[in-house]
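Start counting the sequence shown at 1; every next residue gets the next number (UniProt numbering).
Note that beta-carbon positions come from the ideal geometry of N, C-alpha and C, so glycine has one too.
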Amino acid sequence: MGPNDYMVIGLARIDDRLIHGQVATRWTKETNVSRIIVVSDEVAADTVRKTLLTQVAPPGVTAHVVDVAKMIRVYNNPKYAGERVMLLFTNPTDVERLVEGGVKITSVNVGGMAFRQGKTQVNNAVSVDEKDIEAFKKLNARGIELEVRKVSTDPKLKMMDLISKIDK
1 MGPNDYMVIG LARIDDRLIH GQVATRWTKE TNVSRIIVVS DEVAADTVRK
51 TLLTQVAPPG VTAHVVDVAK MIRVYNNPKY AGERVMLLFT NPTDVERLVE
101 GGVKITSVNV GGMAFRQGKT QVNNAVSVDE KDIEAFKKLN ARGIELEVRK
151 VSTDPKLKMM DLISKIDK
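So, in structure tokens, the structure goes:
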């Protein structure tokens, strides 16, 4: 199969808020996607959250919530070839699992990972723990761009630079 036999990933974004104002308006317009796909085993198993997320997509854009295994199957399904999609994740581990499963992601936008106990804040929007750092390191080792921006007009920060400041 050639590169045109797969869906086109207009944006792969980690944002634990998933579909919200900026994603629903700015990012969908700027990436010109027809579908938003939330890729998360946890969210896919939560019926209420899943239902809410599929209802908040902006006009003209369809929202789906799938687990990682299903996303790998959908990506490889010729039925969706050439379709421009936005992939939304809550964490970098799910991104890494998807890439390991053969999904071609060249760049990941890190938009928001909320601070929780056990996490270290790397900037005002992103907090990470050891598991996150490991996943980011693996993605980085594959040559995948890891850029941090809440909105598209923000300057791009390199995720690995932010991690290196805490990873001493």
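Asp5 counts as exposed, since fewer than 16 other C-beta atoms from the protein chains shown sit within 10 angstroms of its C-beta. The beta carbon of Pro155 sits closer than 8 Å to the beta carbons of Arg149 from its chain, once the five residues preceding and following it are set aside; these are given in chain order. From the listed residues Val8, Ser164 and Phe136, the smallest Cα separation to Val110 is found for Phe136.
A check of alpha carbon separations from Ser34 across Asp41, Thr54 and Glu83 identifies Glu83 as the nearest.
Pro78 counts as exposed, since fewer than 16 other beta carbons sit within 10 angstroms of its beta carbon. Cβ contact annotation for Lys131 (same chain, cutoff 7 Å, sequence separation greater than five): Thr93, in chain order. In this chain, the beta strand (DSSP E) harbouring Val108 covers Ser107 to Gly112. Beta-carbon to beta-carbon, Thr54 and Ala63 are separated by about 5 Å, close enough to satisfy the 8 Å threshold. Ala45 counts as exposed, since fewer than 16 other beta carbons sit within 10 angstroms of its beta carbon.
Val39 is bridged by DSSP to Val66. For Ala12, the enclosing beta strand (DSSP E) has its first and last residue at Val8 to Asp15. Val48 and Leu11 have their C-alpha atoms some 25 Å from each other. For Val122, the secondary structure class from DSSP, reduced to helix, strand or coil, is coil. DSSP links Met86 through a beta bridge to Leu11 and Ile36.
Sequence-distant Cβ neighbours of Gln121 in its own chain, meaning closer than 8 Å and more than five residues away, are Phe115 and Ser127.
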